[in-house]
Amino acid sequence: PDPSRQLLRERRRRDRAMGGAAERYYADPPQIERGWGALLIDSQGRAYLDLVNNVTAIGHSHPRLAEAVSRQLHLLNTNSRFLYRAYADFTERLLEHSPDPALDTVIPVNSGSEAIDLAIKLVQVATGRRDVIAVREAYHGWTMAADSVSTSAFDNPSALASRPDWVHLVDAPNSYRGPHRGPASGPDYARQVAALCDRLADAGRAPAAFICEPVLGNAGGVIPPRGYLDGAYPAVRAHGGLAIADEVQVGYGRLGSAFWGSTMQGVVPDVIAVAKAAGNAFPLGAVITRREIVDALRREGMFFSSAAGAPAGAVAGATVLDVIRDEGLQQNAACVGAHLAAGLDRLAAIHPLLGTVHGCGLYQGIELVRDHETLEPATTETAWICERLLGHGVIVQPTSERQNVLKVKPPLTLTIDEADMFLAALDATLSELRD
Ligand code: PMP
C-alpha cells in the first residue's frame with residue numbers, strides 16, 4: 542500500500558473518531574508500529590530515536606512488563622475495590638521509594654491529572670481551606686482542578702470564564718529569564734510566595750497549599766534556583782498550608798542524582814503526585830502522602846476509582862519499579878545525562894543559537910535564543926530544527942511558553958551511543974541553520 546495514503550487514512554480515522562481537539566506530535570507524524578528501548582519503528586521500517594517520551598520510562602515494549610501484565614490479564618483484572626495481591630505489591634513497592642518515613646500512605650489513580658486533582662482535594666479537605674498557590678507556566682493536567690492550576694500553553698479553562706478564585710499564581714522561578722536572574726535568585730522568588738501567603742492570610746484566606754514541580758517541566762526543564770523550594774515551603778507551612786510536589790514528569794529516577802525531584806531539591810513535600818513513568822504508558826498514577834491527610838478525606842467519604850490500581854495496572858506499576866532497580870535505570874540517567882550535558886556544552890561553544898541547557902539527568906531543556914543579552918526566543922528556528930531532526934530520525938519537541946526549548950526526556954534506557962547520535966544530528970542541523 543502507498544505509505545502516504547496509509548498515513549492519511551490513519552489521520553482521518555483519528556480525526557473522525559475524536560474531532561480536532563486531540564493533541565498529537567507533529568502536523569504529519571510518522572505512523573509508528575513497534576518500539577524497543579528508546580527506538581520507535583514506523584510502518585515503513587524506519588527507526589526513530591524517541592527523545593520525547595518520558596512515559597515509557599523503562600523503554601518501549603519491555604519484555605518483563607509485557608509478560609507480567611499479560612500473565613495477570615489471563616488470571617484476573619477487575620474492580621479495584623476487591624482484595625487481591627497486586628494492589629499491595631504496587632503500593633508497598635512505591636512506598637519503598639518514599640522520600641520520608643512520614644509519607645507512608647499511597648493511593649493509586651489512573652493518570653497524572655487525577656493525581657493532581659486528588660492531591661488538591663486532599664489538601665483542601667485536610668486544611669479545611671480552598672486557596673492554592675501555583676506557579677506560572679506550569680502544566681498539571683486537564684481535569685478541572687489540575688486545569689485550574691495550569692497556565693502553560695495548554696491552558697484552557699474550558700467552560701470557565703476565568704480562572705477560579707481559589708487559584709493564585711506566582712512567577713516561575715527561572716534564573717535564566719524572568720524578573721529575577723542568576724543562581725542566587727531563589728530567595729527572591731521565594732519571597733513572592735511568602736508575600737502572597739501574608740496577603741491571603743490577612744484577607745482571611747490562608748492557603749491550603751502551594752503546588753510546584755521540583756523541576757519546572759513545561760517551562761523547559763528549569764531547575765528552580767537554590768533557596769526557592771526550601772524558602773517557599775516554610776513560608777506556606779508557617780501559615781498552616783501544605784506543599785504539593787508534582788513529580789509526574791521528573792520523578793522516578795529521571796533526574797539521575799535522586800529518585801525524586803523533591804529529594805534533589807532538599808525538600809519533603811506533604812503530598813506527591815506521580816504518573817507517566819508509573820505504568821510505562823499503562824494508565825497508572827498515585828498520590829503519596831501522610832496518613833492523617835488521607836484520614837481527613839475518609840471522614841468526608843471514601844475514595845475509590847474503579848480501575849485505579851486494578852490488578853493488571855498494579856502489576857505494571859510494581860514491574861516498572863523492579864525494572865528501574867534491576868537495570869540501574871536511575872544510575873543510567875545520571876551517567877548518560879552527564880554525557881549529554883557535556884556534549885551540549887561543546888555544541889554551545891560553537892553554535893550561538895544555543896542559549897542555555899536546563900535540567901539534568903535524562904530531563905534536559907535546550908533553550909534556543911537569537912541574542913544572549915535580550916534572550917529573544919528562537920521560536921521559528923526551534924520548530925524548524927524539530928522537523929529537521931525528524932528527517933535525521935530523531936523525535937524531539939519544543940516546549941515552554943515561547944516554544945523555544947527542545948526538551949530531551951527519553952526512556953531511561955538511553956545509551957551513550959544514542960545520546961551521541963542525537964548530538965551529531967543536532968550539530969548537523971544547527972550548522973545547516975547557521976550556514
Ligand atoms: N503534571 C505534569 C507535570 C505533567 O507533565 C502532566 C502531563 N503532561 C500531568 C501532570 C498530567 O498527567 P496526565 O497526562 O497523565 O493526565
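Residue numbering for the sequence shown follows full-length UniProt numbering, starting at 542 and increasing by one per position.
Note that CB positions come from ideal geometry on N, CA and C, so glycine has one too.
Please list, in chain order, all residues with a C-beta atom less than 5 Å from at least one heavy atom of the ligand PMP. Result: Ser-652, Gly-653, Ser-654, His-681, Gly-682, Gly-758, Asp-787, Val-789, Gln-790, Ala-816.
Measure the C-alpha to C-alpha separation of Thr-940 and Thr-923 and round it to an integer number of angstroms. Within the sequence shown, residue 940 is the residue found at index 399, counting from 1. Within the sequence shown, residue 923 is the residue found at index 382, counting from 1. When only Cα atoms are considered, Thr-940 and Thr-923 end up about 9 Å apart.
How is the beta strand (DSSP E) around Phe-751 delimited, first residue to last? In the sequence shown, the residue the question calls residue 751 occupies position 210. In this chain, the beta strand (DSSP E) harbouring Phe-751 covers 750-753.
Cα-Cα, which of Gly-761, Ile-752, Val-777 is closest to Arg-732? Along the sequence shown, one-based indexing puts residue 732 at 191. It is Val-777.
DSSP puts Glu-908 in a beta bridge; with which residues? The residue you call residue 908 lines up with position 367 of the sequence shown. Note: Glu-908 sits in a beta bridge opposite Thr-897, Val-946.
In terms of residues, what are the limits of the beta strand (DSSP E) holding Gly-576? Position 35 of the sequence shown, counted from the first residue, corresponds to residue 576. If you look at Gly-576, you'll find it in the beta strand (DSSP E) that goes 573-577.
Ser-639 versus Asp-645 - alpha carbon distance: Taking the first residue of the sequence shown as 1, we reach residue 639 at position 98. Taking the first residue of the sequence shown as 1, we reach residue 645 at position 104. Rounded to the nearest angstrom, the two C-alpha atoms are 7 Å apart.
Own chain residues within Cβ distance below 7 Å of Pro-810, not counting five before or after: On the sequence shown, position 269 is the one that residue 810 refers to. Taken in chain order, the residues that qualify are Ala-784, Ile-785, Ala-786, Ser-803.
So what's Pro-939 in DSSP terms, helix, strand or just coil? For the purposes of this step, residue 939 is taken as residue 398 along the sequence shown, with counting starting at 1. Three-state result, Pro-939: strand.
Going by the CB atoms, is the gap between Gln-613 and Ser-584 shorter than 8 Å? Numbered from 1 along the sequence shown, position 43 holds the residue referred to as residue 584. Numbered from 1 along the sequence shown, position 72 holds the residue referred to as residue 613. No, the Cβ-Cβ distance between Ser-584 and Gln-613 is not below 8 Å.
Please report the straight-line C-alpha distance between Arg-671 and Pro-918, rounded to a whole angstrom. Numbered from its first residue, the sequence shown carries residue 671 at position 130. Numbered from its first residue, the sequence shown carries residue 918 at position 377. Their backbone Cα atoms lie some 37 Å apart in a straight line.
I need the DSSP call for Thr-646, collapsed to helix, strand or coil. Working through the sequence shown from its first residue, we reach residue 646 at position 105. Taken through DSSP and simplified to helix, strand or coil, Thr-646 comes out as strand.
For the 8 Å Cβ check, are there 3 or more pairs between the segment 886-898 and the segment 964-975? Yes: at least three Cβ pairs fall under 8 Å.
Which residues does DSSP pair with Val-708 in a beta bridge? Residue numbering aside, residue 708 sits at position 167 when the sequence shown is read from its first letter. DSSP links Val-708 through a beta bridge to Val-673.
Could you pull the DSSP bridge partners for Gly-826 from this structure? Counted from its first residue, the sequence shown places residue 826 at position 285. For Gly-826, which the question treats as bridged, DSSP gives the partners Val-650.
Burial state of Tyr-567 (16 or more Cβ within 10 Å): For the purposes of this step, residue 567 is taken as the residue at position 26 of the sequence shown. By the 10 Å Cβ count, Tyr-567 comes out exposed.
Are the CB atoms of Pro-765 and Gln-790 nearer to each other than 8 Å? Taking the first residue of the sequence shown as 1, we reach residue 765 at position 224. Taking the first residue of the sequence shown as 1, we reach residue 790 at position 249. Against a cut-off of 8 Å, the Cβ pair of Gln-790 and Pro-765 comes out as no contact.
Give me the Cβ distance between Ala-588 and Gly-884, rounded to the nearest whole Å; I'm assuming they're in contact under 8 Å. For the purposes of this step, residue 588 is taken as the residue at position 47 of the sequence shown. For the purposes of this step, residue 884 is taken as the residue at position 343 of the sequence shown. Contact between Ala-588 and Gly-884 fails: their C-beta atoms lie close to 21 Å from each other, not under 8 Å.
Select from Val-650, Pro-720, Leu-592, Ile-813 the residue whose C-alpha is nearest the C-alpha of Asp-641. Walking along the sequence shown from the start, residue 641 turns up at place 100. Closest option to Asp-641, Cα to Cα, is Ile-813.
So does the segment 658-667 actually touch the segment 832-852, counting three or more Cβ pairs closer than 8 Å? With the cut-off at 8 Å, the segment 658-667 and the segment 832-852 touch.
Whose C-alpha, out of Cys-927, Asp-630, Arg-767, is nearest the C-alpha of Gly-723? In the sequence shown, residue 723 corresponds to position 182, counting from 1. The option with the nearest alpha carbon to Gly-723 is Arg-767.
Met-685 versus Arg-704: straight-line alpha-carbon distance, rounded: Taking the first residue of the sequence shown as 1, we reach residue 685 at position 144. Taking the first residue of the sequence shown as 1, we reach residue 704 at position 163. Answer to the nearest angstrom: the Cα atoms are 11 Å apart.
Residues in its own chain within less than 6 Å of Ala-849 by CB, not counting five upstream and five downstream? Here residue 849 corresponds to residue number 308 of the sequence shown, with the count starting at 1. Once the five neighbours on either side are set aside, the close Cβ partners of Ala-849 are Ser-621, Pro-649, Val-650, Asn-651.
Name the two residues that bound the continuous alpha helix (DSSP H) containing Ala-736. The residue given as residue 736 occupies position 195 in the sequence shown. 727-743 is the span of the alpha helix (DSSP H), which, as asked, contains Ala-736.
Which residues in the same chain as Gly-561 place their Cβ atom closer than 7 Å to its Cβ, once the five residues preceding and following it in sequence are excluded? Translated into the one-based positions of the sequence shown, residue 561 becomes position 20. Excluding sequence neighbours, Gly-561 sits near nothing in its chain.
According to the Cβ coordinates, are Val-864 and Ile-599 closer than 8 Å? Reading the sequence shown from its first residue, position 323 is the one you call residue 864. Reading the sequence shown from its first residue, position 58 is the one you call residue 599. The answer is yes: Cβ separation under 8 Å.
Any beta-carbon of chain B closer than 8 Å to the one on Arg-746? Among the chains in the structure shown there is no chain B, since it carries only a single protein chain.
Do the segment 936-951 and the segment 754-762 make contact, defined as three or more Cβ pairs closer than 8 Å? Enough Cβ pairs lie closer than 8 Å, so yes.
Quick one: any contact between the segment 817-830 and the segment 590-599, if contact means 3 or more CB pairs under 8 Å? Yes, they touch.
Taking DSSP's pairing of strands, which residues face Ile-582 in a bridge? On the sequence shown, residue 582 is found 41 positions in, with the first residue counted as 1. Residue pairing by DSSP places Ile-582 opposite Arg-575, Ala-588 in a beta bridge.
Cutting at 6 Å between CB atoms, please list the residues of its own chain near Val-856, excluding the five before and the five after it. As a working note, residue 856 is residue 315 in the sequence shown. Cβ within range, chain order: Ala-609, Val-610, Gln-613, Ala-627.
Just the C-alpha distance for Thr-897 and Val-877, rounded to the nearest angstrom, thanks. Here residue 897 corresponds to residue number 356 of the sequence shown, with the count starting at 1. Here residue 877 corresponds to residue number 336 of the sequence shown, with the count starting at 1. Taking the straight line joining both Cα atoms gives about 19 Å.
Using the three-state DSSP reduction, which class does His-933 fall into: helix, strand or coil? Reading the sequence shown from its first residue, position 392 is the one you call residue 933. Reduced to three states, the DSSP call for His-933 is coil.
How many whole angstroms separate the CB atoms of Ala-749 and Leu-741, which I take to be in contact at a CB cut-off of 8 Å? As a working mapping, residue 749 is identified with position 208 in the sequence shown. As a working mapping, residue 741 is identified with position 200 in the sequence shown. Wrong, their Cβ atoms sit about 10 Å apart, outside the cutoff.
Go ahead and pull the three-state DSSP assignment for Leu-757. For the purposes of this step, residue 757 is taken as the residue at position 216 of the sequence shown. DSSP places Leu-757 within a strand segment (E or B) once states are collapsed to three.
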